Amino acid sequence: MVVAKRTVTRSNKLGPEERADAIATLRRKELDILVIGGGIVGTGAALDAVTRGLSVGMVEARDWASGTSSRSSKLVHGGIRYLEQLDFRLVREALIERGLLLQRLAPHLVKPVRFLYPLTKPVIERLYVGAGMLLYDLFSYTGGRKPGVPHHRHLTRRQLLRAAPSLAGDAFVGGLTYYDAQVDDARYVSTLARTASFYGAHVASRVRVEGFLKVGQRVVGVTAHDLETGDRFEIRARQVVNATGVWTDDTQSMVGERGQFKVRASKGVHLVVPRDRFQSKLGLLLRTEKSVLFVIPWGRHWLIGTTDTDWNLDKAHPAATAADIDYILGHVNRVLAVKLTREDVEGVYAGLRPLLAHESEETSKLSREHIVTHSVPGLVVVAGGKWTTYRVMAKDAIDAAVDALDGRIPGSTTEEIPLLGAEGYQAAWNKRAKIARAFGVHKVRVEHLLNRYGVMTDELLDLIRSDPSLLEPLPGADDYIGAEVVYAATHEGALHLDDVLARRTRISIESWDRGVSAAPVAAALMASALGWDEARTEREVATYLKRVEAERASQEQPDDASADRVRLEAPDIVVR
Ligand SMILES: Cc1cc2nc3c(=O)[nH]c(=O)nc-3n(C[C@H](O)[C@H](O)[C@H](O)COP(=O)(O)OP(=O)(O)OC[C@H]3O[C@@H](n4cnc5c(N)ncnc54)[C@H](O)[C@@H]3O)c2cc1C
-13 MVVAKRTVTR
-3 SNKLGPEERA
7 DAIATLRRKE
17 LDILVIGGGI
27 VGTGAALDAV
37 TRGLSVGMVE
47 ARDWASGTSS
57 RSSKLVHGGI
67 RYLEQLDFRL
77 VREALIERGL
87 LLQRLAPHLV
97 KPVRFLYPLT
107 KPVIERLYVG
117 AGMLLYDLFS
127 YTGGRKPGVP
137 HHRHLTRRQL
147 LRAAPSLAGD
157 AFVGGLTYYD
167 AQVDDARYVS
177 TLARTASFYG
187 AHVASRVRVE
197 GFLKVGQRVV
207 GVTAHDLETG
217 DRFEIRARQV
227 VNATGVWTDD
237 TQSMVGERGQ
247 FKVRASKGVH
257 LVVPRDRFQS
267 KLGLLLRTEK
277 SVLFVIPWGR
287 HWLIGTTDTD
297 WNLDKAHPAA
307 TAADIDYILG
317 HVNRVLAVKL
327 TREDVEGVYA
337 GLRPLLAHES
347 EETSKLSREH
357 IVTHSVPGLV
367 VVAGGKWTTY
377 RVMAKDAIDA
387 AVDALDGRIP
397 GSTTEEIPLL
407 GAEGYQAAWN
417 KRAKIARAFG
427 VHKVRVEHLL
437 NRYGVMTDEL
447 LDLIRSDPSL
457 LEPLPGADDY
467 IGAEVVYAAT
477 HEGALHLDDV
487 LARRTRISIE
497 SWDRGVSAAP
507 VAAALMASAL
517 GWDEARTERE
527 VATYLKRVEA
537 ERASQEQPDD
547 ASADRVRLEA
557 PDIVVR
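Residue numbering for the sequence shown follows the working numbering, beginning at -13 and increasing consecutively.
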């Protein structure tokens, strides 16, 4: 008798070999669960399913998190503004998740961030906002664990100006501060995909689902297209989970389902501005006519956003317009003593919120709640929600899928499953000065690595030991070093230069030239890690440069239609 090799976990690598192995298995084996979509919800669902002991596959049409999940405000938050809409359930659930992510699941990736809410009117506004913040703090205790961040505080006008000297002083009478958390959204998703793979899920990016396999009305799998090789093949699964965000209507239409709900796309734009352009120790939460504007500390930068407008154009490359940029600058300039101009903007990015909608609703009023339906036998759809509550969405989706599977299947365990890099993070953090001394680098460099890779920083240090030149920073993107590019290709599922510059690092939005000078150096590093020839390397650089050019040009356009047209002049990644 031949006994199949079974192990509890696999290598933590997610490189080209692991992708090839995953595809070979997807072609061969009937899975318990196949997840479509490698955003935060899909990767969360894959981890949830595999850690219940199920056989799991996941395919993503482009790169991990290349849809909405790399383009958010990067806040792991309860959403203080939803209190005003009396959406207490949503806020409470998100705050419990915030505590879990901060303290247990990913302390290396999720960090506290302190916000200032400036007040324009005395007494009444202070009482009103203060009551909301008190409730926010209280909700964060209800998960049976400490919130992981300090409580809110009241500030006088003088304290406010000391904390944020660049605020136009005469505009405010005082303020309040409160805490939320923040995360590099794309990095979290690729780490989550690696974690799912580590526990045994067969995961592959650049594999697009193009149809469903059916027996009668029942979905029994999908037809898939490997965009790297051009191969088309079938994947069979007892249950398929559709987690395709703003693409949900498109994927559901492939199965001929009438649709119990629609997912509408609402565009949100952010600007990236150097941190030194104005002085504040805290992030800012500012009210606008329709919603709120966040000014969020982001390393050596500020993220400022967002907008909220209906979007019916290309979903893969939502484009920011000149009008979006001016709208954001106009709003932030209302509160700053020294005004920002377009020359201060280093980076711009746009994302699409997947909002659950009935045909007639306006985007700003649509629900941030999520929905799970089992509309066709064999197919579960999960949509809506927010990044912060991904784990709950994933659990609900897999609960619905396992309901239809035979046998007793354990409940979700993801509350107890830290992401790769998390276990031992605090001990590694406490050793950071020693590590820095041993490598002859500044402590900040080691902190940067620990906050992106957790204890897997050791693997990057091994790379540097064998080739010290990998300690060199990338041109125009000082925060990042060569080892990160190599590691992204060998361990983190980066298949293209764009994956590295836009998502494994955030060079495409954080550097003045948007990664143009880093591109050839990063491409050469990827070439040696992945065995690219010269032609392939040049093609990767050319594709990336065209993307930057098209994005810059689209950001000069007055409206969505022209910005979309200009953005689409850059070709998508083609391998051959
Ligand atoms: C501007 C903005 C700011 C936001 N800020 C926050 C915030 O601060 N905090 C927060 O909690 N939430 C925030 N959100 C919401 C949050 O980002 C989203 O709810 C979340 O990222 C959606 O994740 P998803 O996995 O559903 O979708 P996506 O990330 O879009 O993933 C869907 C994936 O499916 C893939 N796909 C599509 N079709 C196919 C196919 N046929 N085959 C294979 N794969 C396919 C796509 O390529 C995509 O990667 C924000 C959203 C926006 C737009």
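Glycine included, each C-beta is placed from N, C-alpha and C at the ideal position.
Predicted model only: the values in this text are computed from it and were never measured.
So is the beta-carbon of W233 under 8 Å away from any non-hydrogen atom of ligand 1?
yes
For N298, is the classification buried or exposed, using 16 other Cβ atoms within 10 angstroms of its Cβ as the cut-off for buried?
exposed
Sequence-distant residues of the same chain with beta carbon closer than 6 Å to I421, five excluded per side:
Cβ contact annotation for I421 (same chain, cutoff 6 Å, sequence separation greater than five): V432, in chain order.
What is the residue span of the beta strand (DSSP E) that L88 lies within?
Here L88 belongs to no beta strand (DSSP E), and DSSP marks it neither H nor E.
Check whether the Cβ atoms of H563 and T292 lie closer than 9 Å to each other.
This structure gives no information on residue 563, because the portion of the chain shown stretches from -13 to 562.
Please confirm whether P98 and A150 have their CB atoms less than 9 Å apart.
no
Which of the three DSSP states, helix, strand or coil, is assigned to V566?
Nothing about residue 566 can be read from this structure; the chain reaches only from -13 to 562.
Straight-line Cα distance separating T209 from E196:
6 Å
Supposed close pair G426, W50 - CB separation, criterion 8 Å:
About 33 Å separates the two Cβ atoms, so there is no contact after all.
So within the stretch 5 to 74, which uninterrupted alpha helix (DSSP H) runs reach at least 4 residues, ignoring any that extend past its ends?
26 to 36
What residue range is occupied by the uninterrupted beta strand (DSSP E) comprising P283?
V278 to W284
Does the Cβ of V189 lie closer than 8 Å to at least one heavy atom of ligand 1?
no
Counting only beta-carbon separations shorter than 9 Å, does R438 have a partner in chain C?
Structure shown: chain C not included; a single protein chain is present.
Which residues share a DSSP beta bridge with Q225?
I19
Per-residue burial, Y165 [other beta carbons within 10 Å of its own, 16 or more giving buried]:
buried
Taking only runs that begin and end inside the stretch 445 to 491, name each unbroken beta strand (DSSP E) of 3 or more residues, in chain order.
463 to 467
Leaving out five residues before and five after A182 in sequence, what residues of the same chain have Cβ atoms less than 8 Å from its Cβ?
T29, A32, L33, V36, V42, M44 and V189
G25 beta carbon less than 9 Å from that of E46:
Their beta carbons are under 9 Å apart, which means E46 touches G25 by this criterion.
Just to confirm, are D170 and L86 a CB contact at a threshold of 9 Å?
no
Close-in-space but distant-in-sequence residues of the same chain around A488 (CB under 6 Å, 5 per side omitted)
S494
Does the distance from the C-beta atom of D18 to that of D300 stay below 9 Å?
Not in contact: D18 and D300 (Cβ atoms no closer than 9 Å).
Along the chain, where does the alpha helix (DSSP H) containing Q543 start, and where does it finish?
From DSSP, Q543 is part of no alpha helix (DSSP H); its letter is neither H nor E.
Checking the sheet assignment: what are the DSSP bridge partners for G291?
H256 and F280
Going by C-alpha distance, which of H287, V281 and L12 is nearest I314?
V281
Alpha-carbon spacing of E542 relative to K532, whole angstroms:
16 Å
Range covered by the alpha helix (DSSP H) that runs through G234
The question names Gly, but residue 234 is Thr in the sequence shown. Looking at the DSSP string, the run of the alpha helix (DSSP H) that includes T234 is T234 to M240.
Under the rule that 16 or more other beta-carbon atoms within 10 Å means buried, what is R192, buried or exposed?
buried
Backbone CA spacing between Y185 and V(-6) [nearest angstrom]:
7 Å
Within its chain, find whatever has a CB closer than 6 Å to the CB of T295; leave out the 5 residues flanking it on each side and keep chain order.
Cβ neighbours of T295 beyond the five flanking positions: K253.
Using a Cβ-based criterion (distance less than 8 Å to any ligand heavy atom), does D236 qualify as near ligand 1?
It does: the Cβ of D236 is within 8 Å (strictly closer) of some heavy atom of ligand 1.
By DSSP's criteria, L199 is part of a beta bridge. Which residues make up the other side?
G207
Could you give the first and the last residue of the continuous beta strand (DSSP E) run that contains V97?
Here residue 97 is Lys; the residue named in the question, Val, does not match the sequence. Start and end: V96 to L105.
According to DSSP, simplified to helix, strand and coil, what is G440?
Look at G440 here: in three-state DSSP terms it is helix.
Measure the Cβ-Cβ separation of A504 and L435 and say whether it is below 9 Å.
No. Outside cutoff.
Run the CB neighbour count on D545, radius 10 Å, all protein chains shown included, and call it buried at 16 or more, exposed below.
exposed
From which residue to which residue does the alpha helix (DSSP H) around S361 run?
From DSSP, S361 is part of no alpha helix (DSSP H) but of the beta strand (DSSP E) over H356 to V362.
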